[in-house]
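I have placed the structure first, in the form of structure tokens, so that the comments after it can refer back to it.
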Amino acid sequence: MPSKRKVPLRKCIATNEMKEKKEMVRIVRSKEGVVSIDLTGKKSGRGAYLSKDRTAIEKARKKNILASHLQAAVDDSIYQELLELVEADQVK
């Protein structure tokens with residue numbers, strides 16, 4: 001009998017939807033206040049999850065959701081990187 005492994009769910013901070021962890025991208029603020037994209041999901045620091053979805057990323061950017069959630073300034077390059085990541089994901 002195959003074991004039913006529990007699928008980790010995370011909440012998107014832009015859409016408030018619960019999705020599987022692998023469908024999300026984690027953004028982390030380190031103790032030093034540096035915000036970065038965590039592709040491994042294992043970096044230490046305050047994390048926030050965003051859906052791998054263009055509209056969710058645009059919404060987070062427009063309403064500054066990431067910055068308020070991580071309590072740190074989020075550089076525009078982070079959003080650019082997220083959008084590129086999503087587009088690269090959709091090509092696969």
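So for the sequence shown, the UniProt record's numbering puts the first residue at 1; every next one is plus one. Even glycine gets a Cβ: it sits at the ideal position worked out from N, Cα and C. Keep in mind the model is a prediction, meaning the values are calculated, not measured.
Between the options, which has its C-alpha nearest residue i's C-alpha?
{"i": "Leu70", "options": "Ala88, Gln80, Ala14", "result": "Ala14"}
{"i": "Glu58", "options": "Val34, Glu81, Ala72, Leu9", "result": "Glu81"}
{"i": "Ser30", "options": "Glu23, Arg46, Ser68, Asp38", "result": "Arg46"}
{"i": "Glu32", "options": "Ala73, Ile78, Leu83", "result": "Ala73"}
Give me the Cβ distance between residue i and residue j, rounded to the nearest whole Å; I'm assuming they're in contact under 8 Å.
{"i": "Ala48", "j": "Leu66", "result": "6 Å"}
{"i": "residue 114", "j": "Lys43", "result": "Absent from the model: residue 114. The displayed extent of the chain is 1 to 92, so no value can be given."}
{"i": "Asp53", "j": "Val7", "result": "About 18 Å separates the two Cβ atoms, so there is no contact after all."}
{"i": "Lys19", "j": "Leu9", "result": "7 Å"}
{"i": "Asp75", "j": "Val35", "result": "7 Å"}
In terms of residue numbering, what span does the beta strand (DSSP E) encompassing residue i cover?
{"i": "Arg61", "result": "Element bounds for Arg61: not the beta strand (DSSP E) but the alpha helix (DSSP H), 54 to 63."}
{"i": "Lys6", "result": "Here Lys6 belongs to no beta strand (DSSP E), and DSSP marks it neither H nor E."}
{"i": "Ser51", "result": "46 to 51"}
Using the DSSP secondary-structure output, state which residues sit across from residue i in a beta bridge.
{"i": "Ile27", "result": "Ile37, Ala48"}
{"i": "Lys43", "result": "According to DSSP, which records beta bridges pairwise, Lys43 is partnered with nothing at all."}
Identify whether residue i lies in helix, strand or coil by the three-state DSSP scheme.
{"i": "Lys19", "result": "strand"}
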